[in-house]
Ligand SMILES: C[S@@+](CC[C@H](N)C(=O)[O-])C[C@H]1O[C@@H](n2cnc3c(N)ncnc32)[C@H](O)[C@@H]1O
């Protein structure tokens, strides 16, 4: 699995626990300090270090270097303004049948409010439309937390 936005490792820990025992998480974050914390969290939870690869850097610099169709799932929780570009990269990274998941797909209820025109809200809105019209994706928008968009790559 691959992740954009390691943060302090909350989502990463859930992903690691949900994977098979030999599954590996590759997670990218701009902030090396966040990843230091995530590493401590993973190790304290008993996850062996060979099961995660933390890469510090901008997602749009790092994602193009990851393996084509090398991932069963890509989880995105980085910069909302870049969500459309993350989708383009994730479409290349996820294998056919794999799933791309975006957190904050309702973006604090701003997405459904046409009065909200800031760049982040607009980018999340555009992402939803990009996914809706892509015939190679089967998508579901789940109203859990701040909204979770899950899209399966069909071909
Ligand atoms: C909401 S937090 C992620 C929380 C994390 N998923 C968790 O559950 O702990 C967003 C993270 O995205 C990172 N981030 C923001 N812009 C980024 C970018 N352009 N490239 C990579 N990471 C970025 C931030 O440093 C931050 O750690």
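Numbering (the working numbering), first residue to last: 208 to 362.
Where a beta carbon is used, it is the ideal one built from N, C-alpha and C, also for glycine.
Around residue 339, the same chain offers 346 as residues with beta carbons nearer than 8 Å, after the five sequence neighbours per side are excluded.
For residue 247, the closest of 273, 219, 269 by C-alpha to C-alpha distance is 219. Taking the CA atoms as reference points, residue 241 sits about 28 Å from residue 332. Counting only residues of its own chain and dropping the five nearest sequence neighbours on each side, residue 334 has a CB closer than 8 Å to the CB of 290, 291, 294, 309, 312, 356. At least one heavy atom of ligand 1 falls within 7 Å of the beta-carbon of residue 265. In this structure, the beta-carbon distance from residue 233 to residue 272 does not fall below 8 Å. Restricting attention to beta strand (DSSP E) runs no shorter than 3 residues, the region 263-316 encloses them at 278-283, 301-310, ordered along the chain. Secondary structure of residue 227 (DSSP, three-state): coil. For residue 323, the secondary structure class from DSSP, reduced to helix, strand or coil, is coil.
Rounded to whole angstroms, the Cβ separation of residue 266 and residue 211 is 5 Å, and the two are in contact under 8 Å.
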